[in-house]
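Novice: Have a look at the structure that comes next, please.
Residue numbers (my numbering), protein chains in the order written: chain A, 9 to 508; chain B, 5 to 486.
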């Protein structure tokens, strides 16, 4: 019988071995899948025990002071944490929110809270060494803090200006030299504190109200909503004209008929209010100063659809993979073959759309001598012991135009604000400020048969001689770009440069 | 056998005049290992308290001292009544039992007295104390078995008596009304609950039937191992000898139908088939047995809704129609183990209270969550060692009845572990049976202690040196009667 017992003992051992293999599979390889199960109560409750790191806006550059905390975790009774956003709505499009459904719903967490979640929770692989140290010193484990490029002054000014305007709008300011985002504001917006509640019933009530609000406060209008660029697109048409050699410099003349027959069609395009454009052969500088539609539509036809497409793409259009690290909706310039459509697209009509961020990137590229810098929000990531985990390295996305071409465009944009006939002379020129702002307005028709109010667009940078800030503002239904968008841009620039 | 004589095997002949060294009982080893087991229990108990509330629980002394006294009593009994028994079995059993008490204490404290978590509604605030009391009863049963049964073969006389008692115990819950025998929340009818106390007769039925199988098979094994026709290279038994296995199969299927308990029926049938195989050494019995059980369960799975659902849950636990209902418990257990990961959360720091009935059928997932993969591997190794020690005793003992009994009892520990741990880890369909020594519940604990006592008795018989023949015949004098 002993042989049978020995064989049976092998069976017994094999059963235990099978259990071991299965448990290894379960507790090593199935961990992530099981953690991601939508009803995983442990993961759900565990999130409240995590001491998330802070999100900090940049310090005041002049005194190098500490940054302004815009999201932090407050410890409650029972060792759980609650997320607090001291500046609430002002920074909502940047911070996003971290709700009780962060682990169970794709909309449970947004913004920097989502994109830097691994660092904030301390689970990023690069924090392993720090965490290991904490294991031995017995310090409570806190996540890393995210230091942003956002300038509190510019951000506050941007939000205040948008809120005062009271229309759906987005504004972005960039440091043109680095791509560091200085302000990123959206209106209307929401209070992330309301969504950070740990009371499920309360959350559902707030969530229902916000989601069903026709004003759509959760939309990030700075980076995730696209608007027609209108006349501001003429900067790209001009760039294409310089780059293709069709126009030599800002003082070269271009044809500007009073009425332009769209090629291959029977419809005419006019200037605003049917006005003439100089003597019909203005310099490109003058055409941009007064924003002639006929001149740039014809110029678009001259340079061609594919050249415009390439130039728009070089400026950042049609890039659906851009993250700052928040995912940015692609601005669109379609590939066109119909000459009439190309002519319309050259003045920012037809199917062109862009985000305020893209608008700011155009100005920033011109300000930076033709080099587009990758926009970014995160300057630094620091472990709780203040050791730096990661520091931003400014990188170029591309060089759509040469530095001399950039200087032509700068001269043209300065004329927009400094020529008494320029579209932004009164709102962003000497009558309004002593800062040398180089800008371009845009007033985009939209809606079926242009039935809606025009969208107001303004893109600019300042100071023109030594650019420190580039701004893109779009106000939906704002009317003329110069009236609605330019004052907002001016307020952001003034706040950032510390001048009135 | 080789032709060359192995000198190592005959040391006594090489030195006939030297005193014969007696094989050692190794009771001191047992005592040292037992102290180690109690120490682990004490540290685990302290760790659970520290994990939950940040300070060492006040009951530590009572629990550890009480447990240590019980184990010391068991050890002294072994010294007196089974001095040659395997020295590892008692410490291994003590370690498992101690860790079980700690886990039940940890679960009972969840959500109570300001501790994190939710109170487990099916667990009273003195469950751990009860478990300690049941451990005391288990130890008494252990001592009683060792004291009363001095030789395994005593049991052979009661083959049919114990077999009948075993069958009655097995069938009792099925015959009693559901109000007494149904386990709340499981649909299984496997207990006898009267006045707040519940008793699971199947745990003891296991012992009675193991004795019966051993006695019966020792008597009939020659007949059962006769070969019938040969089919596919396997000698099939004669058709007329199929009777007993068919009877057992029918009984196990009846248990399955009337008590809704696949686990118990698999356990009994598996025990019988394993012992049948050992007795006859015919693989055909294994084959017939396993295929009978699998086809029987599949057939019942198609007919009985309760069994069918078990299969469906096993295959698709995360299906939306199950996850908030019938598979909730399994999913909670799996998620708990995943939450623990490789190292576990640490005792008192996980959320095992989220798994319904984690203190009984799912206690292994509780360990998995708080002690992690590391802890579970250790637990499985302890069980593996225990099983191997039991089978080793079976191999070593000469008496065929004791051999069969020990092999069957040791194997049933492995089988029971496989059924329940495999069930809660989604390796096989889940069927609710207790995890030996760990689960809350007195019947299982007492019965398992009795199994350990029987294995140690067999081991003692196997390792006991043969009585020394009287050496000096010169002293023998012939006395002539007047």
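We put the beta carbon where it would ideally sit given N, CA and C, even for glycine.
Count the other C-beta atoms from every protein chain shown that fall within 10 angstroms of the C-beta of residue 74 of chain A, then say buried if there are 16 or more, exposed otherwise.
Specialist: Result: exposed.
Novice: Could you compute how far the alpha carbon of residue 71 of chain A sits from the alpha carbon of residue 64 of chain A?
Specialist: At residue 71 of chain A the pLDDT is 48, less than 50, meaning the model places this residue with poor confidence and gives no usable figure here.
Novice: Identify the contact partners of residue 28 of chain A in chain B, using a Cβ-Cβ distance below 7 Å as the criterion.
Specialist: Neighbours of residue 28 of chain A on chain B, chain order: 381 and 384.
Novice: Can you tell me whether residue 96 of chain B is buried or exposed? The criterion is at least 16 other CB atoms within 10 Å of its CB, across all chains shown.
Specialist: Residue 96 of chain B should be labelled buried.
Novice: Since residue 363 of chain B is in the beta strand (DSSP E), which residue starts that stretch and which ends it?
Specialist: Note, residue 363 of chain B: premise wrong, no beta strand (DSSP E); not H, not E.
Novice: Since I believe residue 277 of chain A is in contact with residue 301 of chain A (beta carbons under 8 Å), could you give me their beta-carbon distance rounded to a whole number of angstroms?
Specialist: Correct: roughly 6 Å between the Cβ atoms.
Novice: Are residue 495 of chain A and residue 441 of chain A closer than 7 Å when you measure CB to CB?
Specialist: Contact: no.
Novice: Locate the alpha helix (DSSP H) running through residue 573 of chain A, then write down its first and last residues.
Specialist: The structure shown does not extend to residue 573 of chain A, since chain A is modelled only from 9 through 508, so no value can be given for it.
Novice: With DSSP run on the structure shown, which of helix, strand or coil describes residue 358 of chain A?
Specialist: Coil.
Novice: Could you check whether the region 118-129 of chain A touches the region 22-35 of chain A, counting it as contact only if at least three pairs of C-beta atoms, one from each stretch, sit closer than 8 Å?
Specialist: Output reads no: the region 22-35 of chain A does not touch the region 118-129 of chain A.
Novice: Near residue 170 of chain A, what residues of its chain come up, given a Cβ to Cβ distance below 7 Å and the 5 sequence neighbours on each side ignored?
Specialist: Contacts found: 177, 179, 193, 195 and 496.
Novice: What do you get for residue 444 of chain B, buried or exposed, if any count of 16 or more other CB atoms within 10 angstroms of its CB means buried?
Specialist: Buried, because 16 or more other Cβ atoms sit within 10 Å of the Cβ of residue 444 of chain B.
Novice: Excluding the 5 residues preceding and the 5 following residue 405 of chain B in the sequence, name in chain order all residues of the same chain whose CB lies nearer than 8 Å to its CB.
Specialist: Only 156, 157, 159, 160, 218, 219 and 222 meet the Cβ criterion.
Novice: Pick helix, strand or coil for residue 58 of chain B, following the three-state DSSP scheme.
Specialist: Here residue 58 of chain B sits in coil by DSSP.
Novice: Among B:416, B:297 and B:42, which has the Cα closest to the Cα of residue 251 of chain B?
Specialist: Selected option, being the one with the closest Cα: B:297.
Novice: In this structure, how does DSSP classify residue 462 of chain B when only helix, strand and coil are distinguished?
Specialist: Three-state DSSP puts residue 462 of chain B in a helix.
Novice: Can you list, in chain order, the residues of its chain with a C-beta nearer than 8 Å to that of residue 387 of chain A? Leave out the 5 residues immediately preceding and following it.
Specialist: Answer for residue 387 of chain A: 66, 155, 156, 157, 188, 399 and 400, listed in chain order.
Novice: Measuring CA to CA, which of A:462, A:379, A:174 and A:184 is closest to residue 469 of chain A?
Specialist: When each option's Cα is compared against that of residue 469 of chain A, the closest is A:184.
Novice: Would a check of beta-carbon distances place residue 465 of chain B closer than 7 Å to chain A?
Specialist: Judged by the 7 Å Cβ criterion, residue 465 of chain B is not in contact with chain A.
Novice: Runs of 4 residues minimum, wholly inside the region 80-144 of chain B: which ones carry the alpha helix (DSSP H) assignment?
Specialist: Those alpha helix (DSSP H) runs which fall completely within the region 80-144 of chain B and span 4+ residues are 93-113.
Novice: Using CA coordinates, which residue listed in A:505, A:473 and A:461 is at the minimum distance from residue 492 of chain A?
Specialist: Residue A:461 is the option with its Cα nearest to residue 492 of chain A.
Novice: Would you be able to state if there are at least three C-beta pairs under 8 Å between the region 408-418 of chain B and the region 56-66 of chain B?
Specialist: Verdict: no, contact absent.
Novice: Do residue 60 of chain B and residue 70 of chain B have their C-beta atoms within less than 7 Å of each other?
Specialist: Contact flag unset, no.
Novice: Taking Cβ positions only, does residue 425 of chain B come closer than 7 Å to chain A?
Specialist: Yes, contact with chain A.
Novice: For residue 365 of chain B, count neighbouring Cβ atoms within 10 angstroms of its own Cβ and tell me buried if that reaches 16, exposed if not.
Specialist: Residue 365 of chain B should be labelled buried.
Novice: Exposed or buried, residue 90 of chain B, counting other C-beta atoms within 10 Å across all chains shown (16 or more means buried)?
Specialist: With 16 or more Cβ atoms within 10 Å of its Cβ, residue 90 of chain B is classed as buried.
Novice: Between which residues of its own chain and residue 352 of chain B is the CB-CB distance below 6 Å, once the five residues before and five after are set aside?
Specialist: If we look at residue 352 of chain B and ignore the five residues flanking it on each side, its Cβ neighbours are 52, 55, 56 and 110.
Novice: In the DSSP assignment, what are the bridge partners of residue 80 of chain A?
Specialist: According to DSSP, residue 80 of chain A bridges with A:92.
Novice: Where residue 456 of chain B and residue 212 of chain A are concerned, what is the direct C-alpha to C-alpha distance, given to the nearest angstrom?
Specialist: The straight-line gap from Cα to Cα measures roughly 56 Å.
Novice: Does chain A have any CB closer than 7 Å to the CB of residue 429 of chain B?
Specialist: Judged by the 7 Å Cβ criterion, residue 429 of chain B is in contact with chain A.
Novice: Per DSSP, residue 482 of chain A forms a beta bridge with which residues?
Specialist: Answer by DSSP bridge pairing, in chain order: A:178 and A:465.
Novice: Alpha carbon to alpha carbon, how far is residue 279 of chain B from residue 16 of chain A?
Specialist: Each residue's Cα considered, the two are about 10 Å apart.
Novice: If you run the structure through DSSP and keep just helix, strand and coil, what is residue 488 of chain A?
Specialist: In this structure, residue 488 of chain A counts as coil in the three-state DSSP scheme.
Novice: Using a Cβ-Cβ cut-off of 7 Å, state whether residue 468 of chain B counts as contacting chain A.
Specialist: Not one chain A Cβ lies under 7 Å of residue 468 of chain B.
Novice: Between the region 99-107 of chain B and the region 119-139 of chain B, do at least 3 Cβ pairs fall closer than 8 Å?
Specialist: Yes, they touch.
Novice: Cβ of residue 38 of chain B within 7 Å of Cβ of residue 75 of chain B?
Specialist: In this structure, residue 75 of chain B lies closer than 7 Å to residue 38 of chain B by Cβ.
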